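Novice:
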Amino acid sequence: MKEVTRKIPKKDALGLLLGKPVYTDDIAPENSLIVKILRSPHAFARIKNIDTSEAEKIEGIECIITHLDLPRNPITRAGQGYPEPSPHDWYILDEYVRYVGDEVAIIAGKNEQCVEEALQKIKVEYEIFEPVLDFEKAEDHPSIIHPEKESHPMFEIGFDAEKNIAASYEMEIGNIEEELKNCDVVVHQRYYTQAQAHVAFEPHTAASYLDMHGRLVIISSTQVPFHVRRIIAEAFGLPIKDIRVIKPRIGGGFGGKQAIHGEPFVAAVTLKTGKPAKIVYTRQEVFEATYTRHPMRYDITLGATKDGKLKVIDMQGLSDTGAYGEHALTTFMVAGSKTLPLYNKVSAVRFTGKVVYTNKVPAGAFRGYGAIQGNFALESTIDMLAEKLGMDPVEFRKKNMIAEGETSPIFKIMGEGREGVEMFVRSCKLNECVEEGMKLINWKEKYPRVKISETKIRGVGMAIAMQGSGIANIDMGAAILKLNDDGSFNLLIGATDLGTGSDTILAQIAAEVLNVPTENIIVYSSDTDLTPFDVGAYASSTTYVSGNAVKRAAEKMKKLIIKEGARKLGIEESKVDFDGNYIYEINGDKKLPLKELATVLYYTENQKQLITDASYVGEESPPPFMAGFAEVEVDIETGKVKLINYVAVVDCGTTINPNLAKIQVEGGLVQGIGMTLFEDVKYSPNGKLLTNNLMHYKIPSRLDIGNIIVKFAESYEPTGPFGAKSVAEIGIDTPPAAIANAIYNAVGIRITSLPITPEKILMSLK
Amino acid sequence: MIKNYFRPSTIDELSELKIKTNGYLFSGGTDLFVKIRAGAINTDTVIDTKYLENEELKIENKKLFIPLNTTYTELRKFIKANQINPIIENIVKTIGSPMIRNRGTPVGNIANASPAGDFVLASYLLNASVILKPSSKKIPVEEFIKGPGKIELEKEEFIYGIELEILDDYKFYFEKVGRRNAMIISIASIGLLIKEDNEKIKDIRIAFGSVAPTILRNKEIEKSLIGEKIDKNLFKYLANEFFNLSSPITDVRASKEYRKQLVYNLTLKAYINLYEKVVI
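Respectively, the protein sequence lines represent chains A and B.
The first sequence begins at 43 in this note's numbering and counts up one residue at a time.
The second sequence begins at 960 in this note's numbering and counts up one residue at a time.
Okay, here's the thing in structure tokens:
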């Protein structure tokens, strides 16, 4: 392979480094009205009255919009498939406010100052209710967070608003209770994970204007431009054809932008005033009023026989979706569907639980969603079980984990929000990942602990993980290729590059098929008027789903070039091939440069535009796998944990661009390490988020993450483009369990709630 | 929003502006502007002290004089060049980030009077005096700082500089525990200076940050230890005393229970690192 596996820089790297104005805020119309949101100071209240008269008098204020001025169509902000698996329980503005930060009014004016002033001058009377702040007490709480009749699910998801339940799920294979009786060793443990924040560098930003035809154009820092178009149409009751959504470069998403956030507010202003408008969230708004990871609780029961065979897995969960049910069911189910198949030889497996509403910042999509929460709980308990069996935890996993060619009934039973698909794992180098990781961390020398001094002890721990590659039979991506008169190609894709480099790797895939340099592929992506459909960047789908679409479009293009080249050469199509530069006679001397063919097709002979397209929906969702190994040093005097080494060995199939694959894994690991050790979330007793800035919410700095060692196992996925699977999320899954296991191996303390702070360790050591 | 910005060049001008405008003084602005932006300070007037004609960093009569506007970075360079008070280097290098240290000033840290202020801890350990102008008052730092954010300053006064002792032949230990390894505010910190004489204490100074309304230091305990033999039991006694003396709060960074435990453990840790450390 020439273009695939090339370690080229991202296509947009230089422009971004040079600071070109390419983000939403840079390209929003210069005369945009500044839009800001008046937000609720109460966790749960009803708006009795809003008086905007004083605020409207302020010089420069163009409009103030309240819930009385807008259509009240129940929607979900979550951008994921259609009909969505998330309940429709959100309104552009509502008379109820359901968390501190919920939207009360939209203010637009000529500049920041007048809008800020107007924010202060709006008088709101609230009827305040008792908020639901503890997710373990949400079900059957006297306060009902969604009392309105309009909110509804799109299909059966176990939604029961009267009980504050957004979704619920249960499945059981075999008989848990019976099988547990046959086990020699049984362990049970409860775990908690926190509401991690995404902290994308670019805050949520959106701009809108009307084009000359009166169509609404939205520029947005979004992961899901096509979903934004559909959701905005539904929210405002507009035809989809009257909306265009453009995603320019964006500064990270991590799932936080897999939804609409600022788009409806700028749209409301533009639709009302006819003027361009833009909103740039403050960092505090991003923390308080966008999305978090779903906090979850899991009770894990594992049973094994004394020969080290895992027989039973029981996962009972509770998930906190906050004030709105975005991704409520899917996130929860993924905690099972992306962990349980790892141990596919069990006799009984059960996964049950509920997703509840609370009056807190809504939870939504976040890299590794569900999987990281489930992985922390399951992979921590696997270590407990191995210890009870007197086995090395690595040996226990090797004995019980999934291997190439095998399947799991979970694949069929659990999809995302609905049934999944039956699937045999065609590529799985988990065993190689584990072996290589053991070598790189030096497991045999270091397990379980090495004493550095009387007060400093090092330990190693590990965990294994899997993800998916898009959602089978749901996620669709499409691509268009167009030949230019100089022999270069335009690649038009709906796929959404979040800074991941997907524009680059998709061009590499097209270039590989056509045997041309990637530099000859000009990429334009994520514009609902100009590019074909793609679900967007989520569920680790782009390389696999969009990549397969690009590959197919390129294969069609190659055929078309051969066909038109043969015609020009006057030879039968079957006797001609294309090598990237020339269309040539296979057993002869005739040849024609691509550039010449392209020029004549445009201007002189047999004139036509060569253009091909293809769509792809995965029939399977081949999982990438990985083994993560942590080496920590625990200071038993302060409880501080120093992460010395983190080794990740990943099977993501072929790495289309090894450098970009590596930084995807590294980035995932760092975010996972942050969730494990640093990123604490605290609320005040009345429901205000206290960790709402980067002073209090600590993401890891470079000095906190030690050595990160990423290796890729040799692997080839037969259904993937050139053997590739996904790589975006897999990196985040293992740090919580691997680090918790390493800390346990070092000092004998098992921390079961994230983040693992020095305080929790020291107070347990006491 | 800031509407008025002043740039006085003399002491009297600065003092007059302070009375007249009630504005906030700043040099680096690394705290002030963060607080204004967060809404913790509401002012429309700031007074920039950087254009004041003031003295330089200097050593005089075995004292180190740090005037206002001296940045942490400048102080580090000076200390390195003159080879004095190495504990200051250990403390200052943990403050903020390189960018903060290039702007932020020790005098600003004193003015903020936070019990978590790392330079405040250094000033307590080195028996600092705060020099005010135009009054030319010289006040010991522990009298100048009255509580979290509270300082002894008349309306017309401002901090002109601080004077620290220069200590020779002291062993020292400093550690601050935070939620990560860079750009942190301490959950608890310890600073220890010991001068020995035949394995006995000739002088000892021990101070803790973030575990009381101000820096925690107790001169009576210190005095009572002079002449005592340095061993683990002595530090266990100290750890106990300060565990009891500390009165931390629970905040977004940590609980009071954890902070108290750290006071105890850090005292012993200081001993172990100074006297028992096994190097591997």
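The beta-carbon is built from N, C-alpha and C at its ideal position, and this holds for glycine as well.
Since we're looking at a predicted model, the values are computed, not measured.
1. Taking DSSP as the reference, what is the three-state secondary structure of residue 240 of chain A?
2. Name, please, each residue of chain C whose Cβ falls closer than 8 angstroms to the Cβ of residue 1138 of chain B.
3. Compile a chain-ordered list of the residues in the stretch 1209-1238 of chain B whose CB is closer than 8 angstroms to at least one CB of chain A.
4. Does residue 1141 of chain B get closer than 8 angstroms to chain A when you measure Cβ to Cβ?
5. Span of the alpha helix (DSSP H) holding residue 1082 of chain B?
6. Just to confirm, are residue 97 of chain A and residue 315 of chain A a CB contact at a threshold of 8 angstroms?
7. Strictly by DSSP, which residues pair up with residue 668 of chain A?
8. According to DSSP, what are the bridge partners of residue 319 of chain A?
9. Checking contacts by CB at 8 angstroms: is residue 805 of chain A closer than that to chain B?
10. On the criterion of 16 or more Cβ atoms from any shown chain inside 10 Å, does residue 502 of chain A qualify as buried, or is it exposed?
11. Which stretch, first to last residue, makes up the beta strand (DSSP E) that contains residue 209 of chain A?
12. Near residue 491 of chain A, which residues of its chain fall below 6 angstroms by C-beta distance, leaving aside the five closest residues on each side in sequence?
13. DSSP has residue 391 of chain A in a bridge; who is on the other side?
14. Within 10 angstroms of the Cβ of residue 255 of chain A, are there 16 or more other Cβ atoms? Answer buried if so, exposed if not.
15. Given residue 697 of chain A, which residues of its chain have a CB within under 6 angstroms of its CB, disregarding the five upstream and five downstream residues?
16. Considering Cα atoms alone, identify which of A:213, A:224, A:217, A:175 is closest to residue 206 of chain A.
17. Would a check of beta-carbon distances place residue 775 of chain A closer than 8 angstroms to chain B?
18. Using the Cβ count rule (16 or more neighbours within 10 Å means buried), how would you classify residue 1170 of chain B?
19. Can you pull the chain B residues whose beta carbon is under 8 angstroms from the beta carbon of residue 600 of chain A, in chain order?
20. Residues of chain B with CB closer than 9 angstroms to the CB of residue 746 of chain A, please, in chain order.
21. Is residue 339 of chain A near the ligand FAD, with its Cβ less than 7 angstroms from a heavy atom?
22. Along chain B, which residues have their Cβ under 7 angstroms away from the Cβ of residue 743 of chain A?
23. Taking C-beta to C-beta, are residue 606 of chain A and residue 556 of chain A nearer than 8 angstroms?
24. Among A:325, A:385, A:335, A:689, whose alpha-carbon lies nearest the alpha-carbon of residue 828 of chain A?
25. Say whether chain B places a C-beta atom closer than 8 angstroms to the C-beta of residue 639 of chain A.
26. What number of angstroms, rounded off, separates the C-alpha of residue 1042 of chain B from the C-alpha of residue 1058 of chain B?
27. Straight-line CA distance for residue 1075 of chain B to residue 1008 of chain B?
28. In this structure, what does DSSP give as the bridge partners for residue 303 of chain A?
29. Name, in chain order, the residues that DSSP records as bridge partners for residue 227 of chain A.
30. Is it right to say residue 1239 of chain B is buried, meaning 16 or more other beta carbons lie within 10 angstroms of its own, or is it exposed?
31. At a CB-CB cut-off below 9 angstroms, which residues of chain B make contact with residue 334 of chain A?
32. Of all the CB atoms in chain B, is at least one closer than 8 angstroms to the CB of residue 732 of chain A?
33. Going by the CB atoms, is the gap between residue 152 of chain A and residue 699 of chain A shorter than 8 angstroms?
34. Could you tell me whether the Cβ of residue 402 of chain A comes closer than 8 angstroms to any Cβ of chain B?
35. Assuming residue 568 of chain A contacts residue 536 of chain A (C-beta within less than 8 angstroms), just tell me the rounded distance between them.
36. Would you call residue 320 of chain A buried or exposed, if buried means 16 or more other Cβ atoms sit within 10 Å of its Cβ?
Specialist: Looking at the atomic coordinates:
1. Looking up residue 240 of chain A in the first sequence gives position 198. The DSSP-derived three-state label of residue 240 of chain A is coil.
2. No chain C appears in the structure shown, which is made up of the protein chains A and B.
3. Those would be 1211, 1212, 1213, 1214, 1216, 1217, 1220, 1221, 1224, 1225, 1227, 1228, 1231, 1235, 1236, 1237, in chain order.
4. By 1-based counting over the second sequence, the position of residue 1141 of chain B is 182. Output row for residue 1141 of chain B: interface = yes.
5. The residue labelled residue 1082 of chain B in the question sits at position 123 within the second sequence. In this chain, the alpha helix (DSSP H) harbouring residue 1082 of chain B covers 1077-1084.
6. Indexing the first sequence from 1 puts residue 97 of chain A at position 55. Indexing the first sequence from 1 puts residue 315 of chain A at position 273. No, Cβ-Cβ distance for residue 97 of chain A and residue 315 of chain A is not below 8 angstroms.
7. The residue given as residue 668 of chain A occupies position 626 in the first sequence. Bridge partners of residue 668 of chain A: A:507, A:692.
8. To locate residue 319 of chain A, count along the first sequence from 1; it is residue 277. DSSP lists A:75, A:250 as partners of residue 319 of chain A.
9. Reading the first sequence from its first residue, position 763 is the one you call residue 805 of chain A. True, the Cβ-Cβ gap to chain B drops below 8 angstroms.
10. For the purposes of this step, residue 502 of chain A is identified with residue 460 of the first sequence, where counting begins at 1. Under this definition residue 502 of chain A is a buried residue.
11. Start at 1 with the first residue of the first sequence, and residue 209 of chain A comes out as number 167. Residue 209 of chain A -> beta strand (DSSP E) spans 207-215.
12. For the purposes of this step, residue 491 of chain A is taken as the residue at position 449 of the first sequence. Contacts found: 499, 501, 787, 788.
13. Taking the first residue of the first sequence as 1, we reach residue 391 of chain A at position 349. According to DSSP, residue 391 of chain A bridges with A:215, A:355.
14. Looking up residue 255 of chain A in the first sequence gives position 213. Here residue 255 of chain A is exposed: its Cβ has fewer than 16 other Cβ atoms, across all protein chains shown, within 10 Å.
15. For this step, residue 697 of chain A is matched to residue 655 along the first sequence. Excluding sequence neighbours, residue 697 of chain A sits near 703, 754.
16. Mapped onto the first sequence, residue 206 of chain A falls at position 164. For the residues A:213, A:224, A:217, A:175, the minimum Cα distance to residue 206 of chain A belongs to A:175.
17. The residue given as residue 775 of chain A occupies position 733 in the first sequence. No, residue 775 of chain A lies away from the interface with chain B (no Cβ there is under 8 angstroms from its Cβ).
18. Here residue 1170 of chain B corresponds to residue number 211 of the second sequence, with the count starting at 1. It counts as buried.
19. Residue numbering aside, residue 600 of chain A sits at position 558 when the first sequence is read from its first letter. Contact note: residue 600 of chain A does not reach chain B at a C-beta cutoff of 8 angstroms; the least C-beta distance is about 52 angstroms.
20. As a position in the first sequence, residue 746 of chain A is number 704, starting the count at 1. Those are 1139, 1140, 1141, listed as they occur along chain B.
21. Summarising the ligand content, the structure contains no ligands, and the ligand FAD is consequently not present.
22. For the purposes of this step, residue 743 of chain A is taken as the residue at position 701 of the first sequence. Simply 1139, 1140, 1141, 1142.
23. Start at 1 with the first residue of the first sequence, and residue 606 of chain A comes out as number 564. Start at 1 with the first residue of the first sequence, and residue 556 of chain A comes out as number 514. No, they are not a contact pair.
24. Here chain A has residues from 43 to 808 only, and residue 828 of chain A is not among them.
25. Taking the first sequence and counting its residues from 1, the one referred to as residue 639 of chain A is at position 597. So no, residue 639 of chain A is outside the interface.
26. Locating residue 1042 of chain B in the second sequence gives position 83, where the first residue counts as 1. Locating residue 1058 of chain B in the second sequence gives position 99, where the first residue counts as 1. Straight-line Cα distance between these residues: approximately 24 angstroms.
27. Reading the second sequence from its first residue, position 116 is the one you call residue 1075 of chain B. Reading the second sequence from its first residue, position 49 is the one you call residue 1008 of chain B. Looking at the two C-alpha atoms, the distance is approximately 24 angstroms.
28. In the first sequence, the residue the question calls residue 303 of chain A occupies position 261. Per DSSP, none; premise fails for residue 303 of chain A.
29. The residue given as residue 227 of chain A occupies position 185 in the first sequence. Bridge pairing for residue 227 of chain A: A:346 [DSSP].
30. Residue numbering aside, residue 1239 of chain B sits at position 280 when the second sequence is read from its first letter. Low local confidence applies: a pLDDT of 46 at residue 1239 of chain B is under 50, so the model's placement there is unreliable, with the coordinate-based value given in what follows. Around the C-beta of residue 1239 of chain B, fewer than 16 other C-beta atoms lie within 10 Å, and the residue is accordingly described as exposed.
31. Along the first sequence, read from residue 1 onward, the residue named residue 334 of chain A stands at position 292. Within 9 angstroms Cβ-Cβ: nothing; residue 334 of chain A doesn't reach chain B, min ~16 angstroms.
32. Indexing the first sequence from 1 puts residue 732 of chain A at position 690. Contact of residue 732 of chain A with chain B is assigned, a C-beta pair being separated by under 8 angstroms.
33. The sequence position of residue 699 of chain A within the first sequence is 657, counting from 1. The sequence position of residue 152 of chain A within the first sequence is 110, counting from 1. Their beta carbons are not under 8 angstroms apart, which means residue 699 of chain A does not touch residue 152 of chain A by this criterion.
34. Translated into positions along the first sequence, residue 402 of chain A becomes position 360. So, not an interface residue.
35. The residue labelled residue 568 of chain A in the question sits at position 526 within the first sequence. The residue labelled residue 536 of chain A in the question sits at position 494 within the first sequence. Correct: roughly 6 angstroms between the Cβ atoms.
36. Translated into the one-based positions of the first sequence, residue 320 of chain A becomes position 278. Under the 10 Å beta carbon count, residue 320 of chain A is surrounded by 16 or more other beta carbons and is classified as buried.
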